[in-house]
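Peer 1: One gets our numbering by counting positions in the sequence shown from 1 and adding 1 to each.
So that we are looking at the same thing, I have put the structure below in structure tokens.
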Amino acid sequence: MSRTVKMILAVMLLVTGITGLVVLLGGEGLDRAEKWVSIVGVTASVVLSGLGLTVSWLAWRRPAPAEPAPAAVPAPAPSPAPVPAPVPGVDVRGARGVQIGDHNTQHNTF
Numbered sequence: 002m003s004r005t006v007k008m009i010l011a012v013m014l015l016v017t018g019i020t021g022l023v024v025l026l027g028g029e030g031l032d033r034a035e036k037w038v039s040i041v042g043v044t045a046s047v048v049l050s051g052l053g054l055t056v057s058w059l060a061w062r063r064p065a066p067a068e069p070a071p072a073a074v075p076a077p078a079p080s081p082a083p084v085p086a087p088v089p090g091v092d093v094r095g096a097r098g099v100q101i102g103d104h105n106t107q108h109n110t111f
């Protein structure tokens, strides 16, 4: 059976079921129809919740742990060469405040 035929059959079955339900509830009266609708609502809610949990459980896949990469041998560190001071150097003459040290304390001079 092709996909299209299956889809047409499923839609026809759904429409037939809904039509039958409407006819059944129409002949029951308002009080009994309300009870039937409550039962159908609870059943649909439980079924859809179960389907949602099942789909989420199936979709939640943990990736397989990858094989660890072989340890790389670090290259020997080059000897540090002296770094020349920048020209013209640090200039804070136009600054409004200067942070001194590593205590996050800012000293302002106005």
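Ideal Cβ positions, reconstructed from N, Cα and C, are used throughout, including at glycine.
How many angstroms separate the CA atom of residue 83 from the CA atom of residue 70?
Peer 2: Near 36 Å, if we compare the C-alpha coordinates of residue 70 and residue 83.
Peer 1: If the criterion is Cβ atoms closer than 8 Å, does the pair residue 52 and residue 37 meet it?
Peer 2: no
Peer 1: Write down every uninterrupted run of the alpha helix (DSSP H) in the stretch 2-33 whose length is 4 residues or greater and which is fully enclosed by it, in chain order.
Peer 2: Runs found: 4-29.
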